[in-house]
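Be aware that the sequence shown starts at 1, since it is given in the UniProt record's numbering, and climbs by one per residue.
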Amino acid sequence: MNYASASRGKASQHMPPGSELAGKSNLTPRIHERLQHLRTRYADLNVRMSGDVSDLGREELAKVSKDFSDTGQIVIPYNRLLELYGELTELQQMIDESKDQSLRTLALEERQVALEDVAATERQIINGLLPKDQAESGGAILEIRAGTGGDEASLFSGELLRMYERHSQLRGWKFNTISSLEEGDRVKEATIEVSGRGVFGALMFESGVHRVQRVPATETQGRIHTSTVTVAVLPQATDVHIEVRESDLRIDVFRASGKGGQHVNTTDSAVRITHLPTGLAVENQQERSQLRNKEKAMQILRARLYDMERQKLDKERRDSRNRLIGTGDRSEKCRTYNFAQSRVTDHRINLSLYDLEGIMSGVSLQHIIDRLRIQHDLDELADMS
1 MNYASASRGK ASQHMPPGSE LAGKSNLTPR IHERLQHLRT RYADLNVRMS GDVSDLGREE
61 LAKVSKDFSD TGQIVIPYNR LLELYGELTE LQQMIDESKD QSLRTLALEE RQVALEDVAA
121 TERQIINGLL PKDQAESGGA ILEIRAGTGG DEASLFSGEL LRMYERHSQL RGWKFNTISS
181 LEEGDRVKEA TIEVSGRGVF GALMFESGVH RVQRVPATET QGRIHTSTVT VAVLPQATDV
241 HIEVRESDLR IDVFRASGKG GQHVNTTDSA VRITHLPTGL AVENQQERSQ LRNKEKAMQI
301 LRARLYDMER QKLDKERRDS RNRLIGTGDR SEKCRTYNFA QSRVTDHRIN LSLYDLEGIM
361 SGVSLQHIID RLRIQHDLDE LADMS
C-alpha cells in the first residue's frame with residue numbers, strides 16, 4: 001500500500017503518515033472504512049446509554065449494553081491508533097525540518113516507540129474484529145511422521161520433535177508423549193499432547209510438509225539430500241459431551257435371574273435401558289435394588305456412547321490430518337530448512353530467515369508463528385470485508 005497516494009483519497013485522515021509505514025501497516029483502507037462505521041455506531045450507542053433508557057426492556061437493555069461494550073473494545077484502541085498516526089506526523093515533520101541534531105535524535109527515538117505502539121495497537125484491533133474460535137484457546141494434538149528420505153527423514157523428524165518440545169517449554173506448555181516409534185535419534189512417528197492456553201492457535205500453522213535440505217552424515221561425496229517430515233496439528237478435545245435425554249431412552253424392568261437371594265424372581269429389580277437413537281442396549285441385574293441397577297446401566301450406557309463419540313472424533317481427526325499434510329511428497333511443502341545456508345523459508349508467506357539454529361532451538365520459531373498468524377488474520381479479515 002502506498003500511503004502517500006492513499007492520503008490523497010477520501011480516507012486520508014485515517015491513514016498512517018510517512019514512508020516509514022508505507023506497505024507495513026496491517027490495516028487496509030477498507031478496514032479503516034469499516035472502523036469508521038464502528039466509531040459512528042459507538043458514538044450513537046454512547047448517546048443512547050447516556051440518556052433515558054427507561055423505555056428499554058430488560059433484554060433489550062442488556063443487548064444494547066453488550067453491543068456498546070463489544071464495539072468499545074475495537075473503537076477505543078482505534079481512537080488511540082489515530083492519535084498515534086497524528087504523533088507520527090508531528091515527529092516526522094520535526095525530523096525533516098529540525099536543524100538541531102539532538103532534537104532530531106530525540107524525535108527519531110520517539111518515532112520508533114510510536115511505531116511499535118502502532119503495530120501493537122493494530123494487532124489489538126485485528127483481534128477485536130475477528131470472530132473467536134474456541135478451539136484456538138485450548139490445547140493441541142501434535143503428530144509428526146517421517147516422510148520421504150529414509151533414515152534422514154527419521155533423523156529430522158526427531159529434530160522437529162525436540163524443536164517443538166523446547167518451544168513448548170519456553171511457552172510454559174505441557175508436552176506429553178502419547179505414543180512414539182523411535183530408535184535412538186530417529187523418530188518414525190510420534191503423537192504428542194500439548195496442553196496450555198492458546199496452544200492450538202499458535203501451533204496450527206505448523207501443519208504441512210516440512211522439507212530439509214542438507215548433507216547427511218553418511219554422505220561421503222558431499223551431496224545435498226532432500227527429505228520430508230509431515231506435521232499435523234489438531235485441536236485437543238477437552239472432553240466429549242454426551243447428552244442423554246430421557247425421551248431417547250426406553251427403560252424395561254424384569255425379574256432378575258441367577259444369584260440374588262430371596263429377591264430373585266420375586267421383584268422386578270433387573271433393568272434394561274435402550275438408547276433409541278443409536279439402538280444401544282444395556283442391562284444390569286447385579287444389584288438387588290432396581291434403582292442401583294438403573295444407575296449402573298446408565299453408567300455403562302454413557303461409557304459406550306462416549307466411546308462411540310470418541311471413535312467418531314478420531315475418524316474426523318484422521319481425515320483432518322490427511323487434508324492438512326497431503327501425501328508427504330517432496331513437492332508438497334510448507335517450509336524448507338536449508339542447513340548449508342542456515343536458512344528457513346516458509347513458502348506460504350514467502351518468508352526466509354537466516355537463523356536456522358535459533359529456529360531449531362525453539363526460540364526463533366515464534367517469529368515465524370507470529371508472521372503466519374498476522375497473515376492468517378488479515379486473510380480472515382479480507383474474507384469478511
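Backbone N, C-alpha and C fix where the C-beta goes; we use that ideal spot for every residue, glycine too.
(request) Return the CA-CA distance between residue 331 and residue 274, expressed in angstroms with no decimal places. (result) Confidence at residue 331 is low in this model, with a pLDDT of 48, below 50, so its placement is unreliable and the value that follows should be read with caution. One C-alpha to the other measures close to 52 Å.
(request) Output the residue ranges of the alpha helix (DSSP H) runs that lie fully inside the stretch 186 to 261 and measure 4 residues or longer, sorted by chain position. (result) 199 to 203
(request) Report the residue from 319, 249 and 353 whose alpha carbon sits nearest the alpha carbon of residue 298. (result) 249
(request) Look up residue 350 in the DSSP assignment and say whether it is helix, strand or coil. (result) coil
(request) Would you mind working out which of 145, 352, 170 and 224 sits nearest residue 186, comparing C-alpha positions? (result) 145
(message) Using the Cβ count rule (16 or more neighbours within 10 Å means buried), how would you classify residue 311?
(response) exposed
(message) Contact between the stretch 191 to 210 and the stretch 108 to 118 is defined here as three or more beta-carbon pairs at a separation below 8 Å; is this criterion met?
(response) no
(request) In angstroms with no decimal places, state the Cα-to-Cα distance between residue 167 and residue 70. (result) 33 Å
(request) Compute the Euclidean distance between the alpha carbons of residue 336 and residue 228, then round it to the nearest angstrom. (result) 9 Å
(message) Helix, strand or coil for residue 278? Go by DSSP, reduced to three states.
(response) coil
(message) Here's the rule: buried if 16 or more other CB atoms are within 10 angstroms of the residue's CB, otherwise exposed. What is residue 352?
(response) exposed
(request) Take the Cβ of residue 131 as the centre, count every other Cβ of all protein chains shown within 10 Å, and call the residue buried at 16 or more, exposed below. (result) exposed
(request) Please state if the CB of residue 285 and the CB of residue 256 are separated by a distance shorter than 8 Å. (result) yes
(request) In angstroms with no decimal places, state the Cα-to-Cα distance between residue 341 and residue 214. (result) 9 Å
(request) Please say whether residue 203 and residue 233 have beta carbons closer to each other than 8 Å? (result) yes
(request) Could you have a look at residue 43 and say whether DSSP puts it in helix, strand or coil? (result) helix
(request) Count the C-beta pairs between the stretch 60 to 78 and the stretch 117 to 136 that are closer than 8 Å, then say yes if the count reaches three, no if not. (result) yes
(request) Whole angstroms is fine: what's the gap from residue 98's alpha carbon to residue 27's? (result) 30 Å
(request) Give me the Cα-Cα distance between residue 261 and residue 281, rounded to the nearest whole angstrom. (result) In this prediction, residue 261 scores a pLDDT of 48, lower than 50, which makes its location untrustworthy; no coordinate-derived value is stated.
(message) Measuring straight from C-alpha to C-alpha, what distance separates residue 230 and residue 197?
(response) 24 Å
(request) Compare the C-beta of residue 132 with all C-beta atoms of chain D and state if any pair is closer than 8 Å. (result) No chain D appears in this structure, which consists of one protein chain only.
(message) Within the continuous beta strand (DSSP E) that includes residue 68, where are the two ends?
(response) Residue 68 -> not in any beta strand (DSSP E); alpha helix (DSSP H) instead, spanning 58 to 97.
(message) Less than 8 Å between the beta carbons of residue 356 and residue 343, yes or no?
(response) yes
(request) Starting from residue 466, trace the alpha helix (DSSP H) both ways and give me its first and last residue. (result) Beyond the ends of the chain as shown, which are 1 and 385, falls residue 466; an answer cannot be given.
(message) In the DSSP output, what is residue 181 paired with across the bridge?
(response) 189
(request) Please confirm whether residue 136 and residue 200 have their CB atoms less than 8 Å apart. (result) yes
(message) With distance defined between alpha-carbon atoms, name the residue in 288, 279, 315 and 290 nearest to residue 386.
(response) As displayed, the chain neither begins before 1 nor continues past 385, which places residue 386 out of reach and without an answer.
(request) In the DSSP assignment, find the unbroken alpha helix (DSSP H) run with residue 165 in it and report its ends. (result) 151 to 171
(message) Can you look up residue 140 in the DSSP assignment and give me helix, strand or coil?
(response) strand
(request) Could you tell me the distance, in whole angstroms, from the CA atom of residue 163 to the CA atom of residue 193? (result) 15 Å
(request) Would you mind stating whether residue 84 and residue 117 have Cβ atoms separated by less than 8 Å? (result) yes
(request) Give the straight-line distance between the Cα atoms of residue 59 and residue 190, rounded to the nearest whole angstrom. (result) 51 Å
(message) At the level of alpha carbons, what is the spacing between residue 139 and residue 195?
(response) 4 Å
(request) In the DSSP assignment, find the alpha helix (DSSP H) that holds residue 358 and state where it starts and stops. (result) 356 to 360
(request) Look up residue 270 in the DSSP assignment and give the residues it is bridged to. (result) 254
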